[in-house]
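Protein chains in written order, with our numbering: chain G, 2 to 162; chain V, 2 to 162.
We treat Cβ as the ideally placed atom computed from N, Cα and C, and that holds for glycine.
In this text the structure is predicted, and so the values were computed from the model without any measurement.
Here is the structure we will look at.
Protein chains: 2
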Amino acid sequence: MGNSGETINRFLVEVFHEILRTEEESLAAYAPGLSLRELHLIEAVCLAEDGGGDNRSTAIAAARGVTAGTLTTAATLLERKGFLRRCRDEADRRVVRLLPTEKGRRVNGFHAAFHRELVEAVLGALTPEQAESFSAALEGLARFIRRKGAVPAGAAANNEI
Amino acid sequence: MGNSGETINRFLVEVFHEILRTEEESLAAYAPGLSLRELHLIEAVCLAEDGGGDNRSTAIAAARGVTAGTLTTAATLLERKGFLRRCRDEADRRVVRLLPTEKGRRVNGFHAAFHRELVEAVLGALTPEQAESFSAALEGLARFIRRKGAVPAGAAANNEI
DNA sequence: CGAAAATACTTTGAGAATCAAACTCTTTGA
DNA sequence: TCAAAGAGTTTGATTCTCAAAGTATTTTCG
Chain G
2 MGNSGETINR FLVEVFHEIL RTEEESLAAY APGLSLRELH LIEAVCLAED GGGDNRSTAI
62 AAARGVTAGT LTTAATLLER KGFLRRCRDE ADRRVVRLLP TEKGRRVNGF HAAFHRELVE
122 AVLGALTPEQ AESFSAALEG LARFIRRKGA VPAGAAANNE I
Chain V
2 MGNSGETINR FLVEVFHEIL RTEEESLAAY APGLSLRELH LIEAVCLAED GGGDNRSTAI
62 AAARGVTAGT LTTAATLLER KGFLRRCRDE ADRRVVRLLP TEKGRRVNGF HAAFHRELVE
122 AVLGALTPEQ AESFSAALEG LARFIRRKGA VPAGAAANNE I
């Protein structure tokens with residue numbers, strides 16, 4: 002792969018890791034005692050609320066890619082810390098719905114601002130046409146990942162280490 | 002932020018998470034009993050070897066952004082599993098150098114192939130000029146993250162939750 | 001209707017990965 | 001030479017995670 006390929010690959014293996022670390026640091030300064038994973042759970046809950054999405058416990062767990070048990074533990078902790086609240090569904094009393102508290106919405110706003118700045122930093126360096134092809138490239142990557150499962154050819158047939 | 006901004010942000014919050022999950026799945030099929038974090042440690046060790054980089058324990062820990070203690074534990078486990086080996090430096094006997102075994106190199110090759118496919122999927126969908134501006138945008142993002150620490154304006158001054 | 005199956009969530013027990021701090025061994029510098 | 005600094009390891013605790021077992025509720029169907 003050429004020079005662009007090198008840059009893209011380095012981005013994938015290094016820079017994203019750095020983004021997460023920076024995000025974590027800025028979070029630690031803003032809301033000590035809240036981990037990035039907890040923040041992302043709050044985000045998922047806020048997103049479900051704003052987007053009119055499914056805010057049932059199971060749906061949130063699926064969105065985050067964790068098991069129901071993991072979600073229960075995390076939600077209990079965030080409830081205790083005052084970022085989320087549980088709400089039993091009256092129509093189907095098996096169901097637990099998750100909602101952000103005011104405090105939860107506030108910390109989610111902080112998080113959204115972080116992402117907004119990140120995106121602005123990227124877009125600011127590009128012409129509108131470049132921005133367009135950039136986002137198209139990302140869509141292509143997303144499609145690739147979702148479609149293929151991305152197992153390198155020959156891996157399954159040659160799986161002895 | 003406009004429509005491109007939305008795409009970019011969604012990529013940051015969702016697609017990268019999916020990449021990691023896919024990577025984990027394909028790894029599980031190839032090398033059961035090896036976690037993604039372990040794989041990335043092997044990768045760092047191979048990179049230090051190939052790139053003529055610093056392969057001392059501490060340097061690898063810094064590269065992965067973990068403490069020395071964490072690295073020791075992980076390295077011990079990977080040594081037991083046969084992916085890495087330790088090598089005491091003769092010149093300075095405090096130093097421990099980490100090297101991949103043949104098995105370690107093999108699994109790292111598998112991992113590299115995964116990334117190569119990913120990058121090819123992106124580049125394949127772009128013209129050379131688009132590829133160029135894509136990689137420029139990623140460079141811009143990397144610069145932003147490294148320079149700024151990316152704390153949203155006003156966050157430090159207003160840190161009550 | 002009413003028992004059996006399915007569903008939604010919680011609890012439990014166990015295993016990574018992580019950190020900070022205390023510790024060991026080795027080198028450096030006054 | 002000997003105190004201080006450096007490199008790595010060990011220890012004890014915490015967090016995140018999962019699978020599997022458990023509880024409460026609803027749905028299905030005989």
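field: Other residues of its chain near Glu91 (chain G): CB distance less than 6 Å, five sequence neighbours each side excluded
entry: To locate residue 91 (chain G), count along the first sequence from 1; it is residue 90. Correct list: empty, nothing qualifies.
- request: Would you verify that the beta carbon of Arg148 (chain V) is, or is not, closer than 7 Å to some beta carbon of chain G?
  value: Locating residue 148 (chain V) in the second sequence gives position 147, where the first residue counts as 1. Chain G contact via Cβ: absent.
message: What residue range does the alpha helix (DSSP H) around Leu124 (chain G) cover?
response: The residue you call residue 124 (chain G) lines up with position 123 of the first sequence. That run of the alpha helix (DSSP H) goes Glu103 to Gly125.
Proximal residues of chain G, C-beta to C-beta of Val120 (chain V) below 8 Å: Numbered from 1 along the second sequence, position 119 holds the residue referred to as residue 120 (chain V). Neighbours of Val120 (chain V) on chain G, chain order: Met2, Gly6, Ile9, Asn10 and Leu13.
- request: Report yes or no: is there a C-beta of chain G within less than 7 Å of the C-beta of Ala138 (chain V)?
  value: Taking the first residue of the second sequence as position 1, residue 138 (chain V) is located at position 137. For Ala138 (chain V), the answer is yes, since a Cβ of chain G falls inside 7 Å of its Cβ.
message: Measuring straight from C-alpha to C-alpha, what distance separates Ile43 (chain G) and Glu25 (chain G)?
response: To locate residue 43 (chain G), count along the first sequence from 1; it is residue 42. To locate residue 25 (chain G), count along the first sequence from 1; it is residue 24. Using only the alpha carbons, I get a separation of about 15 Å.
query: Given that Gly66 (chain V) touches chain G, what residues does it touch there, using C-beta distances under 9 Å?
result: Here residue 66 (chain V) is taken as the residue at index 65 of the second sequence, counted from 1. What Gly66 (chain V) touches in chain G: His18, Glu19 and Arg22.
- request: Would you please verify whether the beta carbon of His112 (chain V) is less than 7 Å from any beta carbon of chain G?
  value: For this step, residue 112 (chain V) is matched to residue 111 along the second sequence. Not one chain G Cβ lies under 7 Å of His112 (chain V).
Which of helix, strand or coil DSSP assigns to Val196 (chain V): Limits of chain V in this structure are 2 at one end and 162 at the other, which puts residue 196 (chain V) out of reach.
- prompt: In the structure shown, what three-state DSSP assignment does Leu85 (chain V) receive?
  reply: As a working mapping, residue 85 (chain V) is identified with position 84 in the second sequence. Residue state, collapsed to three classes: strand.
- prompt: Leaving out the 5 sequence neighbours to the left and right, which residues in its chain are closer than 6 Å to Ala62 (chain G) when beta-carbon positions are compared?
  reply: To locate residue 62 (chain G), count along the first sequence from 1; it is residue 61. Cβ within range, chain order: Ala69 and Leu72.
query: Any idea what DSSP makes of Asn159 (chain V), helix, strand or coil?
result: Here residue 159 (chain V) is taken as the residue at index 158 of the second sequence, counted from 1. Caution is warranted here: a pLDDT of 35 is assigned to Asn159 (chain V), below 50, making its placement in the model unreliable, and the coordinate value is therefore given only provisionally. Three-state DSSP puts Asn159 (chain V) in a helix.
message: Quick check on His112 (chain V): buried or exposed, where buried means 16 or more other Cβ atoms within 10 Å of its Cβ?
response: Counting from one through the second sequence, the residue named residue 112 (chain V) turns up at place 111. Per the 10 Å Cβ criterion, buried.
- prompt: Among V:Arg107, V:Ser27, V:Pro129 and V:Ser58, which one has its Cα closest to the Cα of Leu119 (chain V)?
  reply: Counted from its first residue, the second sequence places residue 119 (chain V) at position 118. The option with the nearest alpha carbon to Leu119 (chain V) is V:Ser27.
task: Taking 8 Å as the threshold, find out whether the segment 128-138 of chain G comes into contact with the segment 98-118 of chain G through three or more Cβ pairs.
output: no
- request: Please name the residues in the segment 124-136 of chain G whose beta-carbon is closer than 9 Å to at least one beta-carbon of chain V, in chain order.
  value: Leu124, Gly125, Ala126, Leu127, Thr128, Pro129, Glu130, Gln131, Ala132, Glu133, Ser134, Phe135 and Ser136
query: Given that a residue counts as buried once 16 or more other Cβ atoms are within 10 Å of its Cβ, and exposed if not, what is His116 (chain V)?
result: Numbered from 1 along the second sequence, position 115 holds the residue referred to as residue 116 (chain V). Flag for His116 (chain V) reads buried.
task: Consider the Cβ of Ala143 (chain G): report whether some Cβ of chain V lies at a distance smaller than 7 Å.
output: Numbered from 1 along the first sequence, position 142 holds the residue referred to as residue 143 (chain G). Judged by the 7 Å Cβ criterion, Ala143 (chain G) is in contact with chain V.
message: Output needed for Thr59 (chain G): all residues of its chain with C-beta closer than 7 Å, excluding positions within five of it in sequence on either side, in chain order.
response: Here residue 59 (chain G) corresponds to residue number 58 of the first sequence, with the count starting at 1. Around Thr59 (chain G): Ala69.
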